[in-house]
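Have a look at the structure below before the remarks.
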Amino acid sequence: MTVQDFVGASVLASAAPGVEVYDFQRPTTLGREQMRSLTLAFENFARQWATQLTAMTHAIVHASVDSIEVERYGEYAEALPELTTMVLLKIDDLAARAVLQIAPDVALGWVGMMLGGNGSVPAPVRTFTQIESTIVRLIVDYVIEDLTYSLGDLLDGRIEVDTLQYNSQMAQATTAREFMLVTRFTVTIGDKSSPTSLAFPLDALTGHDALASAGTGPSEPTRVRVDAVPVSLSVQFEPAIVSPRDILGLAEGDVIRLPHPQHRPLNVTVEGHTVAEAAVGANGSRLACVIVKLEESL
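Those letters in the sequence shown? Residues 14 to 311, by the numbering used here.
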């Protein structure tokens, strides 16, 4: 290989676009309305959580939503540190568990501040003692309360703490192929920011079929807004087919023969689409129509 060939190959390799593997079994991105509802709910939860942590740790806490995605549980768990705090949450009779993930040193830092510390000494990365576990469960109880309030009707079931796990590869919240709604947060206390995450099985969310299919049909908020949009409604005869010559030759007094049967009701149309049939009538001094039949497609 010559120097020119080597340089040319290097340029082509650097210019080649990266290839992203697409999993056709993965649900597509969330529908706009589902994403909007979930974003509002989790942003409200983040504010509530920050307020609770501020009161408990006696320090100013900020929490923000970084992302909301649908992932397989196996992918989610593999991306976590091997040693981490995973609080498995039971939701009614679902076999799958929701997961609240917090770094152990972050959780221990909160515990220390709740017991009077100022957070200046870094907490170790380790499992919890029995007393520390009890305090962490108290924090999680408040998290559950805020989640239940913020998600409202989006959550299908009651949440309660199941177990505490410390190994992300050994914690069996559900099967590796189970789809989870994963929300990632950044929690900031002073100048220290830490990532946390919350994973819900899609079966725990109301309308999870719509979430997984990325909103194949209109959601209720969409329908509410569409219902208020003004449209043009007309009452029409069946149209007659004529030639341009007939149109150009029209004169006053000409009679146009319509194919509409005399005994048949008129068509009620919206933006050119027939939605019903109606008989002609009157309402005071104005013409009106009485609906006699609705189209089955409505």
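Where a beta carbon is used, it is the ideal one built from N, C-alpha and C, also for glycine.
message: Quick check on F58: buried or exposed, where buried means 16 or more other Cβ atoms within 10 Å of its Cβ?
response: buried
query: How far does the alpha helix (DSSP H) with T176 in it reach, from first residue to last?
result: Counting along the chain, T176 falls outside any alpha helix (DSSP H), though it belongs to the beta strand (DSSP E) covering 172-180.
message: Which residue wins for smallest C-alpha separation from L167, given the options Q47, C302, A292?
response: Q47
- request: Provide the residue(s) that pair with H273 in DSSP beta bridges, ordered along the chain.
  value: Partner(s): none; H273 has no beta bridge.
- request: Could you say which of V119, E95, V100 lies nearest to R110 if we only look at CA atoms?
  value: V100
- prompt: What are the start and end residues of each continuous beta strand (DSSP E) run of 3 or more residues lying completely inside the segment 243-301, in chain order?
  reply: 246-249, 279-283, 286-296
message: I'd like the span of the beta strand (DSSP E) that includes S146, first residue to last.
response: Per DSSP, S146 belongs to no beta strand (DSSP E); it is in the alpha helix (DSSP H), 143-164.
query: Which runs of the alpha helix (DSSP H) fall wholly inside the segment 47-103 and span at least 4 residues, in chain order?
result: 86-91
- request: Verify whether the separation of the beta carbon atoms of D216 and L107 is less than 8 Å.
  value: yes
query: Is it right to say D313 is buried, meaning 16 or more other beta carbons lie within 10 angstroms of its own, or is it exposed?
result: No answer is possible for residue 313: the residues shown for the chain start at 14 and end at 311.
- request: Pull up the distance between the alpha-carbon of T199 and that of S245, whole angstroms please.
  value: 49 Å
- prompt: So R197 and S210 are in contact, right, with Cβ under 8 Å, and what is the actual spacing, rounded?
  reply: 5 Å
message: The alpha helix (DSSP H) that contains M183, what's its start and end?
response: M183 -> no alpha helix (DSSP H), and no H or E assigned at all.
query: Which class does V124 belong to by DSSP, given the choice of helix, strand or coil?
result: helix
C-alpha distance - Y179 paired with T98, whole-angstrom precision: 5 Å
message: Here's the rule: buried if 16 or more other CB atoms are within 10 angstroms of the residue's CB, otherwise exposed. What is T187?
response: By the neighbour-count criterion, in which 16 or more other beta carbons inside 10 Å mark a residue as buried, T187 falls on the buried side.
- prompt: Going by alpha carbons, who is nearest to L11 out of V149, P117, T140?
  reply: Any property of residue 11 remains undetermined from this structure, which presents the chain solely from 14 to 311.
query: Among R49, H276, I260, which one has its Cα closest to the Cα of I269?
result: I260
field: Start and end residues, beta strand (DSSP E) containing A212
entry: 205-214 is the extent of the beta strand (DSSP E) around A212.
- prompt: Residues bridged to T140 by DSSP?
  reply: T140 pairs with nothing; no bridge assigned.
Three CB pairs or more closer than 8 Å across the segment 282-290 and the segment 243-257: The segment 282-290 vs the segment 243-257: in contact.
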